[in-house]
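Engineer:
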Amino acid sequence: MRSVLLLEDDFFDTMVVQKSFAKFNVQHKLYTAFNGLEGLDMLLGRNGVPAIDPLPEVILLDLNMPKMNGHEFLAELQNHPHLRHIPVFITTTSSMDVDRLNAQNLGVSGYILKPIDFETNTDMVDSMSLLEKLLK
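Its first residue numbered 1, the sequence shown is counted upward by one per residue in UniProt numbering.
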């Protein structure tokens, strides 16, 4: 089954993504990790966690997480040739230019500011449209 991996430490934000998938009729299985280390375990099949198979088509990544943040996760993802091709969309509360620049330098496909509001956040709608195209 086709899938998406969400790395998000906030339960409310996880629920928002689930509702967004329903609103945009995204039919992929949604895997959830609560930090970068858990996400890597799920992608690599390590520490007793089975690997997501097949690999997710897209990763939705929060930048501010405990244990391993989004920037650290992106850097680690680049160290694995079989994972670096997976498109990554950043979801974060940070609007700092340095965070955007760091994420862009690590090859993200989109950058979405939280809180997510489909009615007023045109960046979110554009990013979800791109995400929707990638998932078809």
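Backbone N, C-alpha and C define an ideal beta-carbon position, used for all residues, glycine too. This structure is a prediction, so every number in the text was calculated from the model and none was measured.
Ala51 by DSSP, collapsed to three states: which one?
Structural biologist: coil
Engineer: Going by DSSP, what residues sit across from Ala33 in a beta bridge?
Structural biologist: Leu7
Engineer: Mind checking Asn35: buried by the 16 CB within 10 Å criterion, or exposed?
Structural biologist: buried
Engineer: Measuring alpha carbon to alpha carbon, tell me which residue in His82, Leu101, Gln27, Phe11 is nearest Leu40.
Structural biologist: His82
Engineer: Can you tell which of Val98, Ser20, Lys23, Thr14 has its C-alpha closest to the C-alpha of His71?
Structural biologist: Val98
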